[in-house]
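Below: one structure, written as structure tokens.
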Amino acid sequence: MGAVKAEELANILADHSLFADCDEAELADLILRGHFVQYKKGDELIMQGDPGNSLLILLSGNARTSMIASNGYEVVLDYAEAGQVLGEIALLDGGERTASVTAIEPTSALSITREAFEEILEKHKSMALRLLKVMAKRIRMANSMIEGDRAYTSGPRLARYLLRLSVVGAEEGRLKLDLSQSELGNFAGMSREHINRQLSAWSEGQIVAVESGKVRILDHATLSNIAEADS
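Reminder that position 91 of the sequence shown reads as 319 in the numbering used here, one-by-one numbering, no gaps.
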């Protein structure tokens, strides 16, 4: 994907992204001061431990966010799609990257350096306050998810992660990404065996369908009830 206009960027940005509430002038400055980057499948967009000198706005494609834990295992934290912002934490606090981001298909992004970002905030001062509110809301949501994952057993936990990956709208039931059971396990913090047993049980109950290794949600309401069940 090549250069975009401010109006196009506004349509791409996810509802809860860092720049979702920016006006056309602010988005135009982001585009003007950023540069476009193309990635192939398997390319590293961000490397854990590197200095956080820039942030990325995904314009197309999908990417996996993961980190290497102290035991040496990779922990999948999230999957990012077009409209999401990556690398903003290290950019804002000046620290090292806390996670890596890998393209899982051809992906394009708008890259903005710290210097350019600070110049934009200096020019558009109201933007800084809005960004603080967005970051505070995201911290609150993250804390809620962490507490939920601690409390929930494997069934509700897997249900929550499947719902996070589900497509809303015309293609409801399909997941945004076709993940293997091992990849689902890494994402939800569960073993492949637990994933397999749980999906088999839900398949028998016609809550989900597993076809050629791909999961599709059949009964969204029931899965939502499972996700909110007590541990």
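Every residue, glycine too, gets a C-beta built ideally from N, C-alpha and C. Please read these numbers as outputs of a predicted model, since none were measured by experiment.
When secondary structure is reduced to three states using DSSP, residue 263 falls in the strand class. The beta carbon of residue 251 sits closer than 6 Å to no other beta carbon from its chain once the five residues preceding and following it are set aside. Residue 257 carries a helical assignment under DSSP once its states are collapsed to helix, strand and coil. When only Cα atoms are considered, residue 429 and residue 355 end up about 48 Å apart. Straight-line measurement puts the Cα of residue 437 at about 45 Å from the Cα of residue 342. Note: residue 327 is not bridge-paired with any residue in the DSSP secondary-structure output. Between residue 410 and residue 420, the C-beta spacing is below 7 Å. In this chain, the alpha helix (DSSP H) harbouring residue 321 covers 316 to 321. CA-CA distance, residue 446 to residue 393, rounds to 14 Å. The criterion of a C-beta distance shorter than 7 Å is not satisfied by residue 318 and residue 286. In this structure, the CA atom of residue 418 is about 19 Å from the CA atom of residue 452. Boundaries of the alpha helix (DSSP H) harbouring residue 343: 342 to 351, taken from the DSSP string.
A direct Cα-to-Cα measurement between residue 284 and residue 276 gives close to 15 Å. Distances from the alpha-carbon of residue 253 to those of 308, 353, 388 put 353 closest.
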